[in-house]
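> Here it is, the structure, as structure tokens.
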Amino acid sequence: MVIGATVPGAGEQQGSTVASAVRDQYESYPYPPREPLEEHARLLAPVADSLDFLNHFGFGGRRDFGEPFRVLVAGGGTGDSVVFLAEQLRNDPAEIHYLDISASSMAVAQSRAQERRLENICWQQASLLDLPQLGLGRFNYINCSGVLHHLQDPDAGLAVLTDVLADDGVMTLMVYGQHARTGVYQLQELLRLLESDADTPDARLSRARELLDQLPGSNWFQHGKALFGDYALGDAGLYDLLLHSQDRAYTVPELYEFTRRAGLSINQFVDAHEYEPAGRLDDKLWTPVLAQQSREQRYAIGELLAGTLKTHTVLVSRRPAPLPSIDDMDMVPSLAIASPVEAYAQFHALTRQTQQAGQAIFRHRGASLSFATSAPLAAALKYVDGDRSLDAIYRAAARAGKHRRQALQAALRTFYATLSRRGLMYLRHKGVPRCPTVAELHGRLSKD
Ligand SMILES: C[S@@+](CC[C@H](N)C(=O)[O-])C[C@H]1O[C@@H](n2cnc3c(N)ncnc32)[C@H](O)[C@@H]1O
Numbered sequence: 203m204v205i206g207a208t209v210p211g212a213g214e215q216q217g218s219t220v221a222s223a224v225r226d227q228y229e230s231y232p233y234p235p236r237e238p239l240e241e242h243a244r245l246l247a248p249v250a251d252s253l254d255f256l257n258h259f260g261f262g263g264r265r266d267f268g269e270p271f272r273v274l275v276a277g278g279g280t281g282d283s284v285v286f287l288a289e290q291l292r293n294d295p296a297e298i299h300y301l302d303i304s305a306s307s308m309a310v311a312q313s314r315a316q317e318r319r320l321e322n323i324c325w326q327q328a329s330l331l332d333l334p335q336l337g338l339g340r341f342n343y344i345n346c347s348g349v350l351h352h353l354q355d356p357d358a359g360l361a362v363l364t365d366v367l368a369d370d371g372v373m374t375l376m377v378y379g380q381h382a383r384t385g386v387y388q389l390q391e392l393l394r395l396l397e398s399d400a401d402t403p404d405a406r407l408s409r410a411r412e413l414l415d416q417l418p419g420s421n422w423f424q425h426g427k428a429l430f431g432d433y434a435l436g437d438a439g440l441y442d443l444l445l446h447s448q449d450r451a452y453t454v455p456e457l458y459e460f461t462r463r464a465g466l467s468i469n470q471f472v473d474a475h476e477y478e479p480a481g482r483l484d485d486k487l488w489t490p491v492l493a494q495q496s497r498e499q500r501y502a503i504g505e506l507l508a509g510t511l512k513t514h515t516v517l518v519s520r521r522p523a524p525l526p527s528i529d530d531m532d533m534v535p536s537l538a539i540a541s542p543v544e545a546y547a548q549f550h551a552l553t554r555q556t557q558q559a560g561q562a563i564f565r566h567r568g569a570s571l572s573f574a575t576s577a578p579l580a581a582a583l584k585y586v587d588g589d590r591s592l593d594a595i596y597r598a599a600a601r602a603g604k605h606r607r608q609a610l611q612a613a614l615r616t617f618y619a620t621l622s623r624r625g626l627m628y629l630r631h632k633g634v635p636r637c638p639t640v641a642e643l644h645g646r647l648s649k650d
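Taking my numbering, the leading residue of the sequence shown gets 203, the next gets one more, and so forth.
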């Protein structure tokens, strides 16, 4: 679709030196580095851009993506989000807009879309700060991941995005997490102290590599460096992490303040289970204390406890979106962690093995999740396939075995309470068509 190149406007005038340093960096080092031909091997699927996730946490499970849906990917970089969204919405009447200040980043994203033969994206090289002049209208979904923390005034950037968000629209924001990046900021400062104004980007990269080779074991970056993988793989990752001309990070309370100032509320954190302190503290001692805390307080505690949350990804909207209910029999449950088939196998096996013990531990992305197991839970989970409504699940499970509907319902409700709080289980209304899984979406490409 149409490609517009926009002349630098308001976005450039604001703090022009830094803005152009940021643009120059992403022109020379598009980030994250992506090889378009890899589209044939895998589909990258950022959780927050999954339509199931958006529907559950943003639209009460009732959004039919077969209806017109306007999407903006602001600072789309090398294309992870825009490609995933366009792939999911390939056969829908959605309008997807990509914006980025870097022509070379956009070229990588376009090549990826081309490899997938995606023709449903409008491309534009422009600053998100210029959105008021671009006249693109308002959007049902905005993704802005890893961008606002590189603006001189992130609040101004968020205000501009909020202005183009539809009244009932939702937005994904990813910003850096402060505590996990403590060592990063120390190393950035150290590198600045060692460089001179005349240094070329290549000289900066060499100096950073030399320094990394010589860091003493006591250095703060050394302690946490396992958290940061791609700086060791190439120039783009190294520059982005340690030589960026402009970045800032947020603690959980700062992130809440940031969104509140824009008149937004946080519906959900991606990887919410990593923020919950309960799994990391001795339950008996802390449960009464944590029970008194708001989500904001608990997550602030969780961030400090974990020490590993290097980014925060949140879904925000003007008003907190009502969550779908597990007691609404017309809802269709699905599991976020895997395809329904894989999830069924994993959870069902776990509950069967451990139903005597009554407790199962499921490990997911570094956090462990403990849930009560029982024969009724195993019986109900057998029918959670991403297609059946709750009513159909309970009817099928009751017919197949010895469990009463009430027992099945109670077991699944408790299971859902554990998983959904952590963003691992979704509900959508049965009138809304099922979204294909990532494997199914990718399979389409190989069949073409
Ligand atoms: C760290 S990358 C993230 C890319 C992508 N959002 C992702 O998550 O993979 C930051 C991107 O923001 C873009 N960017 C920075 N400032 C921008 C602005 N004012 N308007 C639009 N894009 C911007 C950069 O060119 C770069 O591609």
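Just so you know, even glycine gets a beta-carbon here, dropped at the ideal spot from N, CA and C.
Given V472, which residues of its chain have a CB within under 6 Å of its CB, disregarding the five upstream and five downstream residues?
If we look at V472 and ignore the five residues flanking it on each side, its Cβ neighbours are V249, A250, T515.
> Quick test of the definition: if touching needs 3 or more C-beta pairs under 8 Å, does the region 523-542 touch the region 585-596?
yes
> Terminal residues of the continuous alpha helix (DSSP H) containing L414?
Counting along the chain, the alpha helix (DSSP H) containing L414 begins and ends at 403-416.
> With the cut-off set at 9 Å, would you say Y441 and S252 are in Cβ contact?
Between Y441 and S252, the CB-CB gap reaches or exceeds 9 Å.
> Check each candidate in L579, G371, L301, H381 and name the one with the smallest Cα separation from L457.
H381
> Within 8 Å: the Cβ of R244 and any heavy atom of ligand 1?
no
> If you measure from the CB of G379, is any heavy atom of ligand 1 nearer than 8 Å?
no
> Does the region 497-517 come close enough to the region 236-247 to have 3 or more Cβ pairs within less than 8 Å?
no
> Jot down the residue ranges of each uninterrupted beta strand (DSSP E) in the region 591-646, minimum 3 residues, whole runs only, in chain order.
627-631
> Closer than 8 Å is the cut-off here; do at least three beta carbon pairs connect the region 332-349 with the region 305-316?
no
> Once DSSP output is grouped into helix, strand and coil, what is the label at D282?
helix
> Give the DSSP bridge partners of V372, in chain order.
Under DSSP, V372 shares a beta bridge with Y343, S519.
> Helix, strand or coil for Y231 per DSSP?
coil
> In terms of alpha-carbon separation, which member of L626, Q354, Q388, N342 lies closest to F271?
N342
> According to the Cβ coordinates, are F267 and L525 closer than 9 Å?
no
> Based on the DSSP output, what are the partners of R319 in its beta bridges?
DSSP output for R319 lists no bridge partner at all.
> Cβ-heavy atom distance between M376 and ligand 1 below 8 Å?
yes
> Starting from E513, follow its DSSP beta bridges and name the residues at the other end.
For clarity, residue 513 is Thr in the given sequence; the question names Glu instead. Bridge partners of T513: Y378.
> Does R319 pass the burial test, meaning 16 or more other C-beta atoms within 10 Å, or should it be called exposed?
exposed
> Out of E321, N257, G371, V377, which one is the CA nearest neighbour of G359?
Answer by Cα proximity: V377.
> I'd like the list of long-range same chain contacts for G278, defined as Cβ closer than 7 Å, with 5 residues on each side in sequence excluded.
V284, Y300, L301, D302, A311
> Helix or strand or just coil, what does DSSP make of I503?
helix
> Between S222 and L466, what straight-line distance do the alpha-carbon atoms span, to the nearest angstrom?
29 Å
> Does ligand 1 have even one heavy atom less than 8 Å from the beta-carbon of T652?
This structure does not reach residue 652, given that the chain is present from 203 up to 650, and the question cannot be answered.
> Verify whether the separation of the beta carbon atoms of R646 and P638 is less than 9 Å.
yes
> Measure the Cβ-Cβ separation of L579 and I595 and say whether it is below 9 Å.
no
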